[in-house]
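Engineer: Numbering (the working numbering), first residue to last: 588 to 815.
The beta carbon of each residue, even a glycine, is placed where N, CA and C say it ideally should be.
Here's what the structure looks like:
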């Protein structure tokens with residue numbers, strides 16, 4: 588029997604009744620964060636945001652993808668009037684670690700595979716000027732990465748009391764030394780890349796979070812970057 592609600596979830600990653608959006612790695616494509624997934628996400632987000640301004644749950648798992656389209660998702664979340672609760676599950680890597688920083692509340696599951704790095708740039712045979720321009724553009728993008736991480740990591744326990752410069756320098760040293768920086772769930776929280784682990788105090792369940800925080804006016808205890 589055809590169920591329009593199930594079809595919407597399966598085909599478009601949207602559960603209207605629970606105000607939930609899903610973004611997951613597609614096995615038949617190189618990256619899940621691309622032109623198609625960006626516009627699908629933005630359409631879903633804008634639709635839910637137009638109904639009311641209650642919280643939107645965003646479940647995501649991805650190995651990463653195209654930087655420009657990742658920034659498109661990031662900006663859409665920042666512009667939304669509804670608060671967004673991000674839940675990373677499976678793998679949160681590369682560009683998805685940037686996207687999640689736009690959310691009001693950033694959660695991951697206990698066994699989420701988490702990876703940050705500076706990414707890579709591919710330059711085919713081209714004029715030196717074009718190559719130099721591409722390298723310069725990539726460096727500007729990397730600087731954006733560090734600014735975004737800084738804006739949220741400064742609230743993490745590890746960086747508590749440290750100034751912006753020391754936080755950025757530490758992040759840069761880690762990535763320079765490791766290249767790909769893998770973190771366990773507890774480390775992700777410790778460094779401030781996320782706010783908590785779903786299933787552990789004080790984030791035992793999405794339902795508890797919605798009831799204890801978002802249904803109480805002016806209570807932002809568990810929320811960072813609260814939307815006005």
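Going straight from the alpha carbon of residue 798 to that of residue 655, what length do you get?
Structural biologist: Taking the chain shown and counting its residues from 1, the one referred to as residue 798 is at position 211. Taking the chain shown and counting its residues from 1, the one referred to as residue 655 is at position 68. One C-alpha to the other measures close to 35 Å.
Engineer: Are the beta-carbon atoms of residue 671 and residue 629 separated by less than 8 Å?
Structural biologist: As a position in the chain shown, residue 671 is number 84, starting the count at 1. As a position in the chain shown, residue 629 is number 42, starting the count at 1. When the beta-carbon positions are compared, residue 671 and residue 629 stay at least 8 Å from each other.
Engineer: Roughly how many angstroms separate the alpha carbons of residue 641 and residue 764, rounded to a whole number?
Structural biologist: For the purposes of this step, residue 641 is taken as residue 54 along the chain shown, with counting starting at 1. For the purposes of this step, residue 764 is taken as residue 177 along the chain shown, with counting starting at 1. Going from the Cα of residue 641 to the Cα of residue 764 covers about 42 Å.
Engineer: From what residue to what residue does the beta strand (DSSP E) around residue 622 run?
Structural biologist: Residue numbering aside, residue 622 sits at position 35 when the chain shown is read from its first letter. Not the beta strand (DSSP E): residue 622 falls in the alpha helix (DSSP H), residues 622-638.
Engineer: I'd like the span of the alpha helix (DSSP H) that includes residue 683, first residue to last.
Structural biologist: Within the chain shown, the letter at position 96 stands for residue 683. Segment 682-686, the alpha helix (DSSP H) holding residue 683.
Engineer: Does DSSP classify residue 603 as helix, strand or coil?
Structural biologist: Translated into the one-based positions of the chain shown, residue 603 becomes position 16. Note: residue 603 maps to coil in three-state DSSP.
Engineer: Residue 631 and residue 601 look like a contact to me (Cβ under 8 Å); what is the Cβ gap, rounded to whole Å?
Structural biologist: If you number the chain shown from 1, residue 631 lands on position 44. If you number the chain shown from 1, residue 601 lands on position 14. About 5 Å; that satisfies the 8 Å criterion.
Engineer: Ignore the nearest five residues each way along the sequence and tell me which others in residue 762's own chain have a CB closer than 8 Å to its CB.
Structural biologist: Here residue 762 is taken as the residue at index 175 of the chain shown, counted from 1. Contacts found: 703, 704, 705 and 768.
Engineer: Can you tell me whether residue 615 is buried or exposed? The criterion is at least 16 other CB atoms within 10 Å of its CB, across all chains shown.
Structural biologist: Along the chain shown, read from residue 1 onward, the residue named residue 615 stands at position 28. Residue placement at residue 615 is poorly supported in this model, since its pLDDT is 49, which falls under 50; the coordinates still yield a value, given next. It is exposed - the Cβ of residue 615 has fewer than 16 other Cβ atoms within 10 Å.
Engineer: What does the alpha-carbon distance come out to for the pair residue 662 and residue 668?
Structural biologist: Position 75 of the chain shown, counted from the first residue, corresponds to residue 662. Position 81 of the chain shown, counted from the first residue, corresponds to residue 668. Using only the alpha carbons, I get a separation of about 12 Å.
Engineer: Report all residues from its chain with a CB closer than 8 Å to the CB of residue 678; omit the five preceding and five following residues, and keep chain order.
Structural biologist: Working through the chain shown from its first residue, we reach residue 678 at position 91. Result list for residue 678: 612, 648, 649, 650, 699, 700, 701 and 702, in chain order.
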